[in-house]
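**Q** Numbering (the working numbering), first residue to last: 29 to 441.
Cβ coordinates follow ideal geometry from the N, Cα and C atoms, glycine included.
This one's a predicted model, so the numbers in the text were calculated from it and none came from an experiment.
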Ligand SMILES: Cc1cc2nc3c(=O)[nH]c(=O)nc-3n(C[C@H](O)[C@H](O)[C@H](O)COP(=O)(O)OP(=O)(O)OC[C@H]3O[C@@H](n4cnc5c(N)ncnc54)[C@H](O)[C@@H]3O)c2cc1C
């Protein structure tokens, strides 16, 4: 049997739920199809100790903000899951759980959606299936010695699952830094391969750096305001961690703990992991960009007469680097027992049977309006705004795109 509805939303993460709420507000009948349960990614794909890097006050979705005692604290995974489940209930989201979409096809009536629990026919479809479905793992992983275990952040839960001994962590964005900190603290010596990264202090002039970015409008910058949107969409996640101490976690802090820094992972030759000689350059660039951000914040504070209300201007020590970081490590020597690829994620579109992918497998779209009539996209990095992939960024995108979707339904009758 095929169920007919005006719109289908694919995925019940925060992006799909925000869209569901906006469709309901616009009286658009729809269903949300979810392969697991509400907040499935947070329930099944995150490590135990993870806390949001965005403060509680930023956890807001259309019509509902997270209620808590401390707006500056950071949610645990259980709290994130609780918040999303509460939200789905409050907005009465029409979620069909345990319903995996296996195919989305275009036909004369719009789109036909095949799932493991029947078919849906709709005029419009919103793809909110997540941007982080598949970890990026270099092909060379097969060339590593059998004595070395490899893991992705999705498989990692806590240090007890790791063998004793050294660990090579590849990637120094928020995931890589947080795992390096936790695993090194467990007594396993960590070597961190550092590529391009975004350095930020947690607290600047007495306020959270995300408070500054929010207040100064930096998170609201739109896709058509930046010079190179493709590049902006590929910027790695900021080196931030959510903790009670509101502490900065950067490469200097990890070095102080004893984490060894090496350059970007470049490949494997025989049993040798090789690293690029660019460590000092990528760190200098990250320091430069952080200082540029802080300068923007300072100028904004001055313009808005805030200078007396906040702490003094601060500048932070440049990233300290080893005199000559090794360019290779012998993975056959037994020193390294585990490699974790914290090298980012990409979306899974294996169920998408509409010709909208470019040569690199990315969906062709303009700010979420996909290059196929009545198809929309949610939750991607810098989809419409810099904040698009954050929880608090979904609301504005869902409002804009549901307006477009309503116009499409009206126009096509
Ligand atoms: C490690 C990590 C830490 C993060 N920390 C923060 C943070 O601190 N603050 C913040 O704001 N953001 C954070 N994010 C970013 C972002 O909020 C998450 O990636 C978020 O999960 C994206 O929400 P979403 O709704 O777009 O996707 P998801 O939450 O991934 O939701 C997509 C849903 O679609 C479902 N789905 C996928 N394929 C199918 C299918 N074929 N059929 C049916 N259902 C399907 C999935 O099961 C999932 O429930 C973090 C991301 C990661 C990976």
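1) Any idea what DSSP makes of residue 344, helix, strand or coil?
2) Along the chain, where does the beta strand (DSSP E) containing residue 58 start, and where does it finish?
3) Taking C-alpha atoms, which residue in 278, 292 and 293 lies nearest to residue 21?
4) Would you check if the stretch 264–272 and the stretch 219–236 touch, i.e. whether three or more CB-CB distances between them fall below 8 Å?
5) Given this structure, state the Cα-to-Cα distance separating residue 235 from residue 86, to the nearest angstrom.
6) Secondary structure at residue 115, three-state DSSP: helix, strand or coil?
7) Near residue 1, what residues of its chain come up, given a Cβ to Cβ distance below 7 Å and the 5 sequence neighbours on each side ignored?
8) Any idea if residue 210 is buried or exposed, counting beta-carbon neighbours within 10 angstroms, 16 or more meaning buried?
9) Please classify residue 245 as buried or exposed, where buried requires at least 16 neighbouring CB atoms within 10 angstroms.
10) Taking C-alpha atoms, which residue in 35, 190 and 31 lies nearest to residue 175?
11) How would you label residue 375, buried or exposed, when you count the other beta carbons within 10 angstroms and need 16 or more for buried?
12) Does the stretch 100–111 come close enough to the stretch 157–170 to have 3 or more Cβ pairs within less than 8 Å?
13) When the Cα atoms are used, what is the spatial distance from residue 61 to residue 440?
14) Is any heavy atom in ligand 1 found nearer than 7 Å to the beta carbon of residue 131?
15) As a quick exercise: from 182, 360 and 408, pick the residue whose alpha carbon is nearest that of residue 251.
16) Does the Cβ of residue 118 have 16 or more other Cβ atoms within 10 Å, making it buried, or fewer, making it exposed?
17) For residue 132, name the three-state secondary structure that DSSP assigns.
18) Does the beta carbon of residue 186 sit closer than 8 Å to a beta carbon anywhere in chain C?
19) Is residue 363 helix, strand or coil when you go by DSSP?
20) How would you label residue 332, buried or exposed, when you count the other beta carbons within 10 angstroms and need 16 or more for buried?
21) Measure from the alpha carbon of residue 137 to the alpha carbon of each residue in 30, 343 and 310, then state which is nearest.
22) Say the cut is 7 Å; is the CB of residue 188 nearer than that to a heavy atom of ligand 1?
23) With DSSP collapsed to three states, give me the class of residue 403.
24) Under the assumption that residue 113 contacts residue 67 (Cβ atoms under 8 Å), give the Cβ distance between them as a whole number of angstroms.
25) If you reduce the DSSP assignment to three classes, tell me which class residue 194 lands in.
**A** Based on what the coordinates show:
1) Under the three-state reduction of DSSP, residue 344 is assigned to coil, being neither helix nor strand.
2) It spans 58–61 - the beta strand (DSSP E) in which residue 58 sits, taken as one unbroken run.
3) There is simply no residue 21 to check, as the chain begins at 29 and stops at 441 in what is shown.
4) Proximity of the stretch 219–236 to the stretch 264–272 meets the contact definition, three or more beta-carbon pairs being nearer than 8 Å.
5) Between residue 235 and residue 86, the C-alpha separation is close to 14 Å.
6) Helix, per DSSP.
7) Past the edges of the chain, shown from 29 to 441, lies residue 1, and the structure says nothing about it.
8) That one is buried.
9) So residue 245 ends up on the exposed side.
10) Sorting 35, 190 and 31 by C-alpha distance to the C-alpha of residue 175 places 190 at the top.
11) Around the CB of residue 375, 16 or more other CB atoms lie within 10 Å, so the residue is classed as buried.
12) Contact between the stretch 100–111 and the stretch 157–170 is not established, with fewer than three Cβ pairs separated by less than 8 Å.
13) Approximately 24 Å between the Cα atoms of the pair.
14) For residue 131, the distance from the CB to the nearest heavy atom of ligand 1 is not below 7 Å.
15) Closest option to residue 251, Cα to Cα, is 408.
16) Exposed: under 16 other Cβ atoms inside 10 Å.
17) DSSP places residue 132 in strand when its eight states are reduced to three.
18) Absence of chain C from the displayed structure is noted, only one protein chain being present.
19) Under the three-state reduction of DSSP, residue 363 is assigned to coil, being neither helix nor strand.
20) So residue 332 ends up on the exposed side.
21) Ranked by Cα distance from residue 137, the first of 30, 343 and 310 is 30.
22) No - ligand 1 has no heavy atom lying nearer than 7 Å to the Cβ of residue 188.
23) In the structure shown, residue 403 falls within a strand segment according to DSSP collapsed to helix, strand and coil.
24) So it is a contact: roughly 6 Å between Cβ atoms.
25) Note: residue 194 maps to strand in three-state DSSP.
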